[in-house]
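Trainee:
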Amino acid sequence: MSKRDYYDVLGVGKDASKEEIKKKYRKLARQYHPDVSDEADAADKFKEVKEAYEVLSDQQKRAQYDQFGHAGAQGQGFGGFGGGAEDFGGFGDIFDMFFGGGGRRRDPNAPRKGADLQYTMNLSFEDAIFGKDTDIQIPKEEECETCDGSGAKPGTSPETCPHCQGSGQLNQEQNTPFGRVVNRRVCHHCQGSGQIVKDKCNSCGGSGRVTKRKKIHVNIPAGIDDGMQIRIAGQGEAGVNGGPAGDLFVVVRVQPHEFYDREGDHIFCEMPVTFAQAALGDELEVPTVHGKVKLKVPAGTQTGKTFRLKGKGAPNVRGHAHGDQHVKIRVVTPQKLTDRQKELIREFSEISGNESIDEQHGNFFQKMKRAFKGE
Ligand SMILES: [Zn+2]
Ligand SMILES: [Zn+2]
2 MSKRDYYDVL GVGKDASKEE IKKKYRKLAR QYHPDVSDEA DAADKFKEVK
52 EAYEVLSDQQ KRAQYDQFGH AGAQGQGFGG FGGGAEDFGG FGDIFDMFFG
102 GGGRRRDPNA PRKGADLQYT MNLSFEDAIF GKDTDIQIPK EEECETCDGS
152 GAKPGTSPET CPHCQGSGQL NQEQNTPFGR VVNRRVCHHC QGSGQIVKDK
202 CNSCGGSGRV TKRKKIHVNI PAGIDDGMQI RIAGQGEAGV NGGPAGDLFV
252 VVRVQPHEFY DREGDHIFCE MPVTFAQAAL GDELEVPTVH GKVKLKVPAG
302 TQTGKTFRLK GKGAPNVRGH AHGDQHVKIR VVTPQKLTDR QKELIREFSE
352 ISGNESIDEQ HGNFFQKMKR AFKGE
């Protein structure tokens, strides 16, 4: 099944405002929420709507999507990873939507999304062009398995904080000359969590979270370029109170190459040729990342002349066609000559004079003489 365009999914234009996107999302999410809708494919539609909203409501993710489409912004897509966490995220959102909203009083027990992580990956020039399947190891905080994230020793459970009755906040009353002022502060008995752990879990020391090195599979799309990033949904840090996990952003750094330069999908290189090859023409063997290619250099080729090898550049990361390789010719003047070589060049010079320069530059010597007179 091919992925639908996120803007189409939400039924908004490419230039839709944040407000417009939010409004459409709310409407569609209500319509397709699996608890509400009777439609057979409601769950899939709901997931699709939620995914589109997640990307388009986030300025950074939306910019990435606009630039690279599904391949660049999404990278690994949503399907491959723990559907459970994703669905849970959905409920979190819906919960927010029906019962929350802006300017709310924060409930310490409400689900919260985990932090996003960033990982910098160094890639060789060739791997960036052809893509790569690889595993990376990242340290990240996960929910403690021993206590299921509660922080309490197995068999016990955290108790509601008696000081704030679980709200995580304390009201502090103060009498001032202007009357009574009530301040709301974070409860220092439970650090705002609303819960107190009496018997702490040994594995996590009561925090409910442990740091683990986790192996994550990353699929680098062919044609990726320096500075681009791949988002792997749900592979950031674990959420809090059953909230969805954050995302992992893999930022790509591409190593420079000793022979090739790259600009976008195009590859550039320089080929030195001798004066004789340039004057008489020759067939060169030019390296490309796709293998050797024969290039016919016609007789009379000037230094700086560029030839295009079509389709021998990098593939476009969104999958539209290929860049080209541009080969710039550089005519090399010999530096070490034998007596015999010098003699032949002198002889060549005598019989040809300045005719080749005049030919190229339209009576060059006439123009030069006029310039001397003007001095
Ligand atoms: Zn408390
Ligand atoms: Zn624990």
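So the sequence shown is numbered by this note's numbering: it starts at 2 and just counts up by one.
Think of the CB as a built atom: it goes at the ideal place given N, C-alpha and C, for glycine as much as any other residue.
#1: What does a CB cutoff of less than 6 Å around lysine 48 pick up in its chain, not counting 5 residues either side in sequence?
#2: Are the CB atoms of cysteine 188 and glycine 206 nearer to each other than 7 Å?
#3: Contact between the segment 141-161 and the segment 192-212 is defined here as three or more beta-carbon pairs at a separation below 8 Å; is this criterion met?
#4: For aspartate 94, which residues of its own chain have a beta-carbon under 6 Å away from its beta-carbon, when the five flanking residues on both sides are left out?
#5: From valine 294 to histidine 323, what distance separates their C-alpha atoms?
#6: Under a three-way DSSP split, which group does histidine 362 fall into?
#7: With DSSP run on the structure shown, which of helix, strand or coil describes phenylalanine 269?
#8: Please report the straight-line C-alpha distance between valine 10 and aspartate 67, rounded to a whole angstrom.
#9: Taking the alpha carbon of valine 253 as the reference point, which residue from Gln361, Arg214, Ile352 and Gln230 has its own alpha carbon closest?
#10: Quick one: what's histidine 291 bridged to in DSSP?
#11: Using DSSP with H/G/I as helix, E/B as strand and the rest coil, what is lysine 374?
#12: Compare the beta carbon distance of glycine 195 and asparagine 110 with 7 Å and say whether it is the shorter of the two.
#13: Quick one: what does DSSP say lysine 15 is sitting in, helix, strand or coil?
#14: For ligand 1, any of its heavy atoms closer than 6 Å to the Cβ of histidine 190?
#15: Leaving out five residues before and five after glycine 314 in sequence, what residues of the same chain have Cβ atoms less than 7 Å from its Cβ?
#16: Shortest alpha-carbon distance to tyrosine 54 belongs to which of Lys19, Val37, Thr177 and Pro163?
#17: Applying the 10 Å Cβ sphere with the 16-neighbour rule, what's the burial state of glutamate 40?
#18: Can you tell me whether alanine 277 is buried or exposed? The criterion is at least 16 other CB atoms within 10 Å of its CB, across all chains shown.
#19: Heavy atom of ligand 2 less than 6 Å from the Cβ of glycine 194, yes or no?
#20: Helix, strand or coil for glycine 70 per DSSP?
#21: Looking at alanine 129: is its Cβ nearer than 7 Å to the Cβ of isoleucine 225?
#22: What does the alpha-carbon distance come out to for the pair glycine 78 and histidine 71?
#23: Within the present structure, is the beta-carbon of serine 158 separated from the nearest heavy atom of ligand 2 by less than 6 Å?
#24: Any idea what DSSP makes of valine 253, helix, strand or coil?
#25: Would you list the residues sitting across from aspartate 136 in a DSSP beta bridge?
#26: Evaluate contact between the segment 173-181 and the segment 112-129, counting only Cβ atoms and requiring at least three cross-stretch pairs below 8 Å.
#27: Would you list the residues whose beta-carbon is nearer than 6 Å to any heavy atom of ligand 2, in the order they occur in the chain?
#28: Assign phenylalanine 260 to buried or exposed, taking buried as 16 or more other Cβ atoms, counted over all protein chains shown, within 10 Å of its Cβ.
#29: For ligand 1, I want to know if histidine 71 counts as a neighbour, meaning its beta carbon is within less than 6 Å of at least one of the ligand's heavy atoms.
#30: When the Cα atoms are used, what is the spatial distance from phenylalanine 92 to arginine 232?
#31: Within this structure, are the beta carbons of proline 112 and glycine 243 separated by less than 7 Å?
#32: Short check: CB of threonine 304 to CB of valine 332, under 7 Å?
#33: Taking the C-alpha atoms as reference points, what is the distance between glutamine 256 and glutamine 65?
#34: By Cβ distance, which residues of its chain are closer than 6 Å to lysine 311, with the 5 residues on each side in sequence left out?
#35: Could you tell me if the beta carbon of histidine 34 falls within a distance shorter than 6 Å of some heavy atom in ligand 1?
Mentor: Well, looking at it:
#1: none
#2: no
#3: yes
#4: Model confidence at aspartate 94 stands at a pLDDT of 40, short of 50, so the residue's coordinates are unreliable; what they give is reported in the following sentence. Same-chain partners within the cutoff: there are none.
#5: C-alpha separation (whole angstroms): 16 Å.
#6: helix
#7: strand
#8: 15 Å
#9: Gln230
#10: Histidine 291 pairs with nothing; no bridge assigned.
#11: helix
#12: yes
#13: coil
#14: In this structure, ligand 1 has a non-hydrogen atom nearer than 6 Å to the beta-carbon of histidine 190.
#15: Asp266, His267, Ile268, His323, Gly324, Asp325 and Gln326
#16: Lys19
#17: exposed
#18: exposed
#19: Sequence check: residue 194 is serine here, not glycine. Every heavy atom of ligand 2 is 6 Å or more from the Cβ of serine 194, so no.
#20: helix
#21: yes
#22: Residue placement at glycine 78 is flagged as unreliable, the pLDDT there being 36, under the threshold of 50; a coordinate-derived value is accordingly withheld.
#23: no
#24: strand
#25: His218
#26: no
#27: For ligand 2, the selected residues are Cys145, Thr147, Cys148, Gly152, Cys202, Ser204, Cys205 and Gly209.
#28: exposed
#29: The answer is no for histidine 71.
#30: With a pLDDT of only 38 at phenylalanine 92, under 50, the local geometry of the prediction cannot be trusted, and the value read off the model is given with reservation. Rounded to the nearest angstrom, the two C-alpha atoms are 22 Å apart.
#31: Yes, the pair counts as a contact, with Cβ atoms nearer than the cut-off.
#32: yes
#33: 22 Å
#34: Asp325
#35: no
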